[in-house]
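Everything in the sequence shown is counted per my numbering, starting at 906 for the first residue and increasing by one.
Presented below is the structure to which this report refers.
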Amino acid sequence: MNVKPYHTQRSKKEEVRTMFDHIAPHYDFLNHVLSFNIDRLWRRHVVNEVLRGCPRRVLDVATGTGDLAFELVRRMPGAEVTGVDLSAGMLDAARRKAAARGLKERVAFVQGDAERLDFGDAAFDAATVAFGVRNFGDLDVGLRELARTIKPGGRVVILEFSRPRNRWFRALYEWYAFRVLPFVGGAVSHDRQAYAYLPASVGEFPAPAEFVRRLERAGFVGCRARSQSFGIAQIYVGQRSE
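What follows is the structure, given as structure tokens:
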């Protein structure tokens, strides 16, 4: 996946970090408005999947401003949640939200690279990623790191955008994603390239069946994809092999 936000000589990882640092102040507002708040429903479905494994320690990779991490601690009162993100700007927003919600003792936010996670082997019972895997510099390396940090038998649950299969609905979705989203997102954030990159990165991301195969190659078993909202997004679930 070679699409990048700014098309400079820098690596995709460096450009993605710069992009999220830049749009962090407007990210939550635009994320909820441009998705018509349906992203909140998808996150609840992710947590439902995580709950099946009754984890005590959960790693949320590409945590961003912490929305999924906060939903995890809300629904799992006894669990420890650690959110990791490459962008200092996004993490600053997450920490402010944690303080405002009185959750500073329940969730930790640390800066880190999804492809070189600073945690020991089998350190967590489960791992999640919401709308982040398509931003990995090397997708397969990032998936192997997720597998490394999860205990054998633990779950990974990934929420990511996809292209709807129905051609009429896909045409409508892509008109919105490639026309409306960059215009509105660019006007509010003053970074049209960022909101042009986001739908472009969805178009380049592997189809659900291929992504399931890549999860399996990374060390997960029982992998499956669950379509959300007519295929706009997918929830992928896998179990760390024993």
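All C-beta atoms in this analysis are idealised placements derived from N, C-alpha and C, irrespective of residue type, glycine included.
Are the C-beta atoms of residue i and some chain D residue less than 8 Å apart?
i     : result
W1080 : The structure shown contains no chain D; it is built from a single protein chain.
So is residue i buried or exposed if we call it buried at 16+ other beta carbons inside 10 Å?
i     : result
E1010 : exposed
S1106 : buried
S992  : buried
R1146 : In the sequence under discussion, the amino acid at residue 1146 is Ser, which differs from the Arg named in the question. Flag for S1146 reads exposed.
V978  : buried
N1040 : buried
R1118 : exposed
T970  : buried
E1115 : exposed
P960  : buried
S1077 : The amino acid at residue 1077 is misidentified as Ser; the sequence shows Leu. With fewer than 16 Cβ atoms within 10 Å of its Cβ, L1077 is classed as exposed.
P930  : exposed
E1050 : buried
F1014 : buried
V938  : exposed
I1140 : buried
Q1133 : buried
W1073 : exposed
P1113 : buried
Start and end of the beta strand (DSSP E) containing residue i?
i     : result
T987  : E985 to D990
Q1133 : F1125 to Q1133
V1015 : V1012 to Q1016
Consult DSSP for residue i and reduce its assignment to one of helix, strand or coil.
i     : result
F1066 : strand
T1033 : strand
D1096 : coil
K917  : helix
G1059 : strand
I1137 : coil
A1005 : helix
G994  : helix
G1047 : helix
G969  : coil
G1042 : coil
G1143 : strand
Please list the terminal residues of the continuous alpha helix (DSSP H) segment that includes residue i.
i     : result
V908  : Neither: V908 is in no alpha helix (DSSP H) and is coded neither H nor E.
L964  : That residue, L964, is in no alpha helix (DSSP H); its beta strand (DSSP E) goes R962 to V966.
V1230 : Missing from the structure shown is residue 1230; the chain here goes from 906 to 1147 and no further.
R1072 : R1072 to W1080
D972  : D972 to R980
Please report the Cβ distance between residue i and residue j, rounded to the nearest whole angstrom; I am assuming they are in contact, meaning their Cβ atoms lie under 8 Å.
i     : j     : result
A1052 : G1127 : That belief does not hold up - the Cβ atoms of A1052 and G1127 are roughly 13 Å apart, past 8 Å.
V989  : V963  : Not a contact, Cβ separation roughly 11 Å.
G1059 : D1026 : That pair is no contact at about 12 Å.
V1046 : G1143 : Not a contact, Cβ separation roughly 16 Å.
Y911  : Q1098 : 6 Å
R980  : V1012 : No, R980 and V1012 are not in contact; Cβ-Cβ is about 12 Å, not under 8 Å.
query = So, do the segment 987-1006 and the segment 961-975 have three or more beta carbon pairs nearer to each other than 8 Å?
reply = Yes, they touch.
ask   = Per the contact definition of three or more C-beta pairs closer than 8 Å, is the segment 1088-1099 in contact with the segment 1017-1029?
value = In short, these stretches do not touch, since the Cβ pair count stays below three.
key: At least 3 beta-carbon pairs within less than 8 Å: the segment 1026-1038 vs the segment 1051-1069   = Contact between the segment 1026-1038 and the segment 1051-1069 is present, because at least three Cβ pairs lie under 8 Å.
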